[in-house]
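Heads up: the sequence shown begins at 1448 in our numbering, then just goes up one per residue.
Glycine is no exception: its CB is placed at the ideal position from the N, C-alpha and C atoms.
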Amino acid sequence: MFSWLKNKITDSQTSEPTAPEVLGFRLGGAFEFDDLKLKLIEPELIIEGVSSTQLIQAVGEVKLDNQTRLLRFYTDDDGYVQVLQEGTQDSDVREVKMFYYYDTSPIDTENQWQTLLESGIVKTDWSLESHQFQKAWDNIVPVAMTEKTWHKDGSVTETDQFVMVYERETESGYFEGLMVAGEEVINQHKAEHCLVLSTYFELTPTDFKIIG
């Protein structure tokens, strides 16, 4: 982590707060990646075919405590930028990461869901495409968080997530992460569950440029 100073559906017509913004990332906005950075790191990562220009179609907020939050800026490239912020100002940003969805699997029964929470998310390591990821957090049960998401069509949704994070070091010393999340959404008074795998890599202030 480095200093960025150096380093359940609701009615959209109610008085909901507007989607959060930070570092120029905003709902309906756009940004570009540094092409050189992508060329250097992409061959070592699981992700491939990253779009250099990305449009932000939704914004999520996870409040970790009274001061700390995660902001997620979902793009048209099947991924999202995640910003860790200890406050609400640009100067409060502590890290920025780019996530890409790897796989989403539906969980059909309540028994399957409970088994997933008990033993399917937290492991000592996780294998993905012959790469071995080691558990990054000390927690022995999934970390629970609730995300509120503002969508471009004006709707606001809420998702409960149960998460563990894993990481591996590439040959050049770069780190790639894997987030394993059990997700629960209430749809028409019925719980729907899925298991979501996403890989990620860290961004520095020079890795992207806001263009809209």
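Query raised in the report: What span of residues does the alpha helix (DSSP H) with Lys1484 cover, start to end?
Result: In the sequence shown, counting from the first residue as 1, residue 1484 sits at position 37. For Lys1484, the enclosing alpha helix (DSSP H) stretches over residues 1482-1488.
Report task. Measure how close the beta-carbons of Val1497 and Phe1520 come, nearest whole angstrom, since I'm counting them as under 8 Å. Result -> Start at 1 with the first residue of the sequence shown, and residue 1497 comes out as number 50. Start at 1 with the first residue of the sequence shown, and residue 1520 comes out as number 73. Not confirmed; about 15 Å, so no contact.
Query - Length of the line joining the Cα atoms of Phe1449 and Leu1650 - result: The sequence position of residue 1449 within the sequence shown is 2, counting from 1. The sequence position of residue 1650 within the sequence shown is 203, counting from 1. Only weak support exists for where Phe1449 lies, its pLDDT of 44 falling under 50; the value from the coordinates is given anyway. Straight through space, the alpha carbons of Leu1650 and Phe1449 are spaced by roughly 11 Å.
Query raised in the report: Which whole-angstrom value is the C-beta distance of Thr1646 and Ile1494, which I expect to be below 8 Å?
Result: Residue numbering aside, residue 1646 sits at position 199 when the sequence shown is read from its first letter. Residue numbering aside, residue 1494 sits at position 47 when the sequence shown is read from its first letter. The Cβ separation is near 6 Å, so the contact holds.
Requested in this report: Express the C-alpha separation of Gln1608 and Val1569 in angstroms, rounding to a whole number.
Outcome: Translated into the one-based positions of the sequence shown, residue 1569 becomes position 122. Translated into the one-based positions of the sequence shown, residue 1608 becomes position 161. Taking the Cα positions, Val1569 is about 13 Å away from Gln1608.
Query - Extent of the continuous alpha helix (DSSP H) run through Gln1559 - result: Here residue 1559 refers to the residue found at position 112 when the sequence shown is read from its first residue. 1557-1562 is the span of the alpha helix (DSSP H), which, as asked, contains Gln1559.
Query raised in the report: Mind checking Ser1459: buried by the 16 CB within 10 Å criterion, or exposed?
Result: Mapped onto the sequence shown, residue 1459 falls at position 12. Note that Ser1459 has pLDDT 40, beneath the 50 cutoff, so the model's placement of it is unreliable and the number below is only indicative. Under this definition Ser1459 is an exposed residue.
Query raised in the report: What's the C-alpha gap between Lys1510 and Val1469?
Result: By 1-based counting over the sequence shown, the position of residue 1510 is 63. By 1-based counting over the sequence shown, the position of residue 1469 is 22. Approximately 15 Å, taken between the alpha carbons.
Query - Boundaries of the beta strand (DSSP E) in which Phe1655 is found, first to last residue - result: On the sequence shown, residue 1655 is found 208 positions in, with the first residue counted as 1. From DSSP, the beta strand (DSSP E) with Phe1655 extends over 1655-1657.
Report task. State buried or exposed for Phe1648, treating a residue as buried only when at least 16 other CB atoms are found within 10 Å of its CB. Result -> If you number the sequence shown from 1, residue 1648 lands on position 201. Buried, because 16 or more other Cβ atoms sit within 10 Å of the Cβ of Phe1648.
Query raised in the report: Measuring CA to CA, which of Asp1482, Glu1489, Gly1507, Ala1466 is closest to Glu1594?
Result: Counting from one through the sequence shown, the residue named residue 1594 turns up at place 147. For Glu1594, the closest C-alpha among the options Asp1482, Glu1489, Gly1507, Ala1466 is that of Gly1507.
Query - Nearest-angstrom Cβ-Cβ length linking Tyr1549 and Gly1526, presumed shorter than 8 Å - result: Position 102 of the sequence shown, counted from the first residue, corresponds to residue 1549. Position 79 of the sequence shown, counted from the first residue, corresponds to residue 1526. Taking the Cβ atoms as the reference, Tyr1549 lies roughly 10 Å from Gly1526, outside the contact range of under 8 Å.
**Report entry** Alpha carbon of Asp1584 to alpha carbon of Asp1523, nearest angstrom
**Finding:** Indexing the sequence shown from 1 puts residue 1584 at position 137. Indexing the sequence shown from 1 puts residue 1523 at position 76. The sequence shown places Trp at residue 1584, rather than the Asp named in the question. Inter-residue distance for Trp1584 and Asp1523 is about 30 Å (C-alpha atoms, whole angstroms).
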